[in-house]
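S.K.: A single structure is presented below for examination.
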């Protein structure tokens, strides 16, 4: 099941909001939050994702989260950035699948930019 993130999900998934507001979607397996994908409201807004080891055992569900996150971005944002996690080999591929494009490289790593696309 994929649903909007609730406040207790931050604690359950051991996430830190750094004092910023967050809007996200959460994937549940067996009633337990196992993945989150969202946007932290910094300036500019940055996307993030966190998969637990339990979620990695469900590749089809990962694809559902990706699709849901794409719709979520389209509904709520115009421009969002993301840093490709260098420890996640699939990060650039997943970011491109959602619609992020390579933007630049900084000391933080490769930065990707997502821009809302009008539907025809």
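Numbering (the working numbering), first residue to last: 59 to 178. Even for Gly, the Cβ is constructed at its ideal location relative to N, Cα and C. No experiment lies behind these values; they were computed from the predicted model shown.
So what does DSSP say about residue 173, is it helix, strand or coil?
M.R.: The residue you call residue 173 lines up with position 115 of the chain shown. Strand at residue 173.
S.K.: Can you tell which of 124, 164 and 145 has its C-alpha closest to the C-alpha of residue 154?
M.R.: As a working mapping, residue 154 is identified with position 96 in the chain shown. Answer by Cα proximity: 124.
S.K.: Could you pull the start and end residues of the beta strand (DSSP E) that residue 105 belongs to?
M.R.: The count along the chain shown starts at 1 and reaches residue 105 at position 47. 104–109 is the extent of the beta strand (DSSP E) around residue 105.
S.K.: By alpha-carbon positions, which one of 68, 161, 59 and 143 ends up nearest to residue 89?
M.R.: Working through the chain shown from its first residue, we reach residue 89 at position 31. When only C-alpha atoms are compared, the closest one is 59.
S.K.: I'd like to know whether the C-beta atoms of residue 170 and residue 140 end up nearer to each other than 7 Å.
M.R.: Stepping through the chain shown from its first residue, residue 170 is reached at position 112. Stepping through the chain shown from its first residue, residue 140 is reached at position 82. Yes, Cβ-Cβ distance for residue 170 and residue 140 is below 7 Å.
S.K.: Quick one, are the C-beta atoms of residue 94 and residue 71 less than 7 Å apart?
M.R.: Here residue 94 corresponds to residue number 36 of the chain shown, with the count starting at 1. Here residue 71 corresponds to residue number 13 of the chain shown, with the count starting at 1. In this structure, residue 71 lies closer than 7 Å to residue 94 by Cβ.
S.K.: Taking residue 112 as the reference, which of 91, 165 and 175 has the closest Cα?
M.R.: Within the chain shown, numbered from 1, the residue matching residue 112 stands at position 54. It is 91.
S.K.: May I ask you to report which of helix, strand or coil DSSP gives residue 149?
M.R.: Numbered from 1 along the chain shown, position 91 holds the residue referred to as residue 149. It is helical.
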